[in-house]
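In this text, residue positions in the sequence shown follow our numbering: the first is 25, and each later residue adds one. Down below is the structure, laid out as structure tokens.
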Amino acid sequence: MALKTTPFDAAEYFDDPESQAELLADAFETGDATYIAHALGVIARARGMTAVAKDAGVTREALYKALSEKGDPRLSTLLGVTKALGLQLYAKPSDPNSLGT
């Protein structure tokens with residue numbers, strides 16, 4: 025008997041702004057560009073890719089491509105998507121003791 029599987033989409037489980045922000049914060053903490061793009065893609069799918077693409081000023085197809093596993097979004101796309109998602113990016117020192125040295 026064949027094993028029946030169903031596709032998993034994390035976007036179905038990140039359905040509120042708090043969990044979405046936590047996912048993105050975790051991605052940024054790793055510094056892994058692929059993970060960051062993936063996290064943005066999950067959040068965009070959870071909110072509706074068409075609406076996010078429109079608000080970000082890119083086509084839906086371009087957004088899917090930029091946030092795909094092999095995508096490499098431009099900074100302008102990244103900033104547009106985070107703005108469309110109502111998220112703010114900020115920087116903090118990874119080592120507060122290293123400032124000013």
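A virtual CB, placed ideally from N, CA and C, is assigned to each residue, including glycine.
Between the beta-carbon of Ala108 and that of Val76 there is about 5 Å, and that keeps the pair under the 8 Å contact cut. Secondary structure of Ala115 (DSSP, three-state): coil.
For Tyr37, the three-state secondary structure derived from DSSP is coil.
DSSP, reduced to helix, strand and coil, places Asp50 within a helical segment of the structure shown. Here Leu91 really is in contact with Ala68; their C-beta atoms are around 6 Å apart, less than 8 Å.
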